[in-house]
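Peer 1:
In this note's numbering, the protein residues as written are 1 to 760.
#1: When you compare only the Cα positions, how much space is there between residue 590 and residue 459?
#2: Considering only residues of the same chain and omitting the five flanking positions on each side of residue 707, which have a CB-CB separation below 6 Å?
#3: On the DSSP letters alone, give me the boundaries of the alpha helix (DSSP H) that residue 124 sits inside.
#4: Among the residues of its own chain, which have a CB less than 7 Å from the CB of residue 763, if the five just before and after it don't count?
#5: Any idea what DSSP makes of residue 465, helix, strand or coil?
#6: Going by C-alpha to C-alpha distance, which of 252, 359 and 251 sits closest to residue 694?
#7: Would you say residue 235 and residue 322 are within 8 Å of each other, going by their C-beta atoms?
#8: Per DSSP, which residues does residue 301 bridge with? Please list them.
#9: Quick check on residue 466: buried or exposed, where buried means 16 or more other Cβ atoms within 10 Å of its Cβ?
#10: Identify the residues that DSSP records as bridge partners of residue 572: which are they?
#11: In the structure shown, what three-state DSSP assignment does residue 308 receive?
#12: So, with DSSP's three-state summary, where would you put residue 703?
#13: Report buried or exposed for residue 134, applying the criterion of at least 16 other Cβ atoms within 10 angstroms of its Cβ.
#14: Go ahead and pull the three-state DSSP assignment for residue 64.
#15: Examine the Cβ distances between the stretch 387-396 and the stretch 323-335 and report whether three or more of them are shorter than 8 Å.
#16: Quick one: give me the first and last residue of the beta strand (DSSP E) that residue 444 is part of.
#17: According to DSSP, is residue 470 helix, strand or coil?
#18: So what does DSSP say about residue 545, is it helix, strand or coil?
#19: So residue 541 packs on residue 620, CB below 8 Å; how close in whole Å?
#20: Closer than 7 Å by C-beta to residue 31: which residues in its own chain qualify, once you throw out the five before and the five after it? Chain order, please.
#21: Can you find at least 3 beta carbon pairs, one from the stretch 592-599 and one from the stretch 682-694, that sit closer than 8 Å?
#22: With DSSP as the reference, label residue 483 as helix, strand or coil.
#23: If we ignore side chains and look at the alpha-carbon of each, how far apart do residue 252 and residue 260 end up?
#24: In this structure, what does DSSP give as the bridge partners for residue 401?
#25: CB residue 561 to CB residue 601, shorter than 8 Å?
#26: If we ignore side chains and look at the alpha-carbon of each, how far apart do residue 52 and residue 109 end up?
#27: Assign residue 739 to one of three DSSP states: helix, strand, or coil.
#28: So if DSSP puts residue 511 in a beta bridge, which residue, or which two residues, is it bridged to?
#29: Residue 372: buried (16+ other C-beta within 10 angstroms of its C-beta) or exposed?
#30: In whole angstroms, what separates the C-alpha of residue 546 from that of residue 97?
#31: Looking at residue 420 and residue 363, is the spacing between their C-beta atoms short of 8 Å?
#32: Under the rule that 16 or more other beta-carbon atoms within 10 Å means buried, what is residue 486, buried or exposed?
#33: Assess contact between the stretch 404-413 and the stretch 66-74, defined as three or more Cβ pairs (one per stretch) separated by less than 8 Å. Is contact present?
#34: Who are the Cβ neighbours of residue 682 in its own chain at under 6 Å, not counting the five residues just before and after it?
#35: Taking contact to mean at least 3 C-beta pairs separated by less than 8 Å, is the stretch 334-349 in contact with the stretch 435-446?
#36: Counting only the same chain and skipping the five closest in sequence on each side, list residues whose C-beta sits under 8 Å from that of residue 721.
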């Protein structure tokens, strides 16, 4: 591959160590730190081994600090934020930091799946420890050289100072000696206080990739280019589970530039993220490959999902949601309370959300080269290790013979955690050893062969007291499960899906029942930005607004009363849906923090003010990925029913705010994505086939539809708290806040998405 011109370099560990001098540090999966002396130009580090290192920090003789980024960068800023944490504790100058993108190596880096809003959550403290350890070792090396107590010296911005004499030494001068010293551990490791932070929580740190992206030098998956590279597109079965019956490639091979037509078999059994099979056209350029694909004469066997129709399937989901399902949370006796409540004190509503497509701006793309018995991959992937494992298992390579180069992602949202597209490239490269092959997905491919967000019907029923507050709450969900991707025929939402704003609902209601229906999947279902929080929050937050208006109460006051008094709830006492692999004692549900974000969003929107004619405010809140979010949307609807989103106020409490600028960017992006999904996001099926094919019939939010103002309110920057997620929590409250605002403006209730038209 051509050497990237962006200010980072994807390199192997050996090459990284050969290229740097002085101190090399690593932090392992348990968060402990180790150091080893490395001579400049040596093939390996001496003095021991590192078990499961996640992050390497190296200081060269010229003082350059190199920090390995082991997570995928897709616009979240994580390739800036985590190295920034190291640099802060290290007292490194940001303009002398070089970031090195890692490849895939689970033994070395631990989990690299950049999904689930986990990067800061899992690596904030380990990154702090590795930076602090390096700083203290540099200070100890300087003290030893000067023959003074280590307490007399301190590291400041790439130098160690001896205040009494004014002496100073640069990091490059100290690195080799520092590498020979013991690593501070436990009580000996001195982290900075919050007041001493230089970068963490301060803002103003320039995103590392910004210049390269702005000037078109950044290396995305589509930018990979190798000498002699060929390009491929694949004709895949249009119906999930379909197979190739026959193909005539004669006309395709006559298209100028087309070199080969290769059949891709439908792989059986494990592993999970298998290509769909089909026919690949390989050519000297993408246009020729696409024209060759169009010239193929193909007959498909559509298989068991040939009759899948999303309109008819909605009826199936509605019937399932109206019947008793599998109870996954039960407190008190919701069924008895609902049965015994008089009709005038009962309220029920059903909510529908269609399949949603990820539709990232850069469709899936991957390049592969088979050479010398191994394979090298260049791709924009959220999950480098799944890429390595699936390429090894499905293309038939030993894992140690698979190398994955991780490039920037032009959007991911969960789609690029599933590397079926990379396996396609690997299989085709294996058919042409020695020749690099790039598989390109068109927008049509992306929409029609996505791992979609699940379709769902949510039915909620409540029994109300004399004040209109719920005394019983029954939530039934009918949605195909992501588990169907992992186990054929799986039915009913899995506990982790129900643990996303359904079973973990912390409202002060004495009688609660949450149920899931067993319904089949007829499409590929995958995780999507915020996953099942989206339909669950759309339903519950819309329903709460309905209850507030039924009770003739202000929705903000009603929501605060429903949340109840400030308390900390062990989530495992609510259900078995605690799915974050986090200690519930460390991450209790804190209703006080939930009320605080609700209040912050309301203050930002000036809730309760007199609004112009046709305007309305709506609110919604959510606890997801261990963070608290709330959204207030203001809309304007004219006399013809034309809708304009005027403003969005979003509040988040994610615990310590490591990189406030990127938090705001994520919140703003979440607002735009949430509005886009609510207003026009929809994938439908006819005869087993996805109807939508491109942005003309799968519309994204246009500039004219976008809110004039998005305000982000950061709440509770408490570094004593464990960090929560940021990437996914902004999305779920947007759609219900929008629909609640539309009701406030028009009196029209919307219980299905997308909104599309207010005049229908």
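Glycine residues also receive a C-beta, built at the ideal position from the N, C-alpha and C atoms.
Peer 2: From the atom records:
#1: 26 Å
#2: 645, 647 and 648
#3: 119-146
#4: The requested residue 763 does not occur in the structure, where the chain is confined to residues 1 to 760.
#5: coil
#6: 359
#7: no
#8: 243
#9: exposed
#10: Looking at the DSSP assignment, residue 572 forms no beta bridge with any residue, so it has no partner.
#11: coil
#12: helix
#13: buried
#14: coil
#15: no
#16: No beta strand (DSSP E) contains residue 444, which is instead part of the alpha helix (DSSP H) from 443-448.
#17: strand
#18: helix
#19: 4 Å
#20: For residue 31, the predicted structure reports a pLDDT of 41, less than 50, and the residue's modelled location is therefore unreliable. The matter cannot be settled from this model.
#21: no
#22: helix
#23: 9 Å
#24: For residue 401, which the question treats as bridged, DSSP gives no partner whatsoever.
#25: no
#26: Residue placement at residue 52 is poorly supported in this model, since its pLDDT is 24, which falls under 50; the coordinates are not used for a value here.
#27: helix
#28: 472
#29: exposed
#30: 53 Å
#31: no
#32: exposed
#33: yes
#34: 354 and 754
#35: no
#36: 655 and 656
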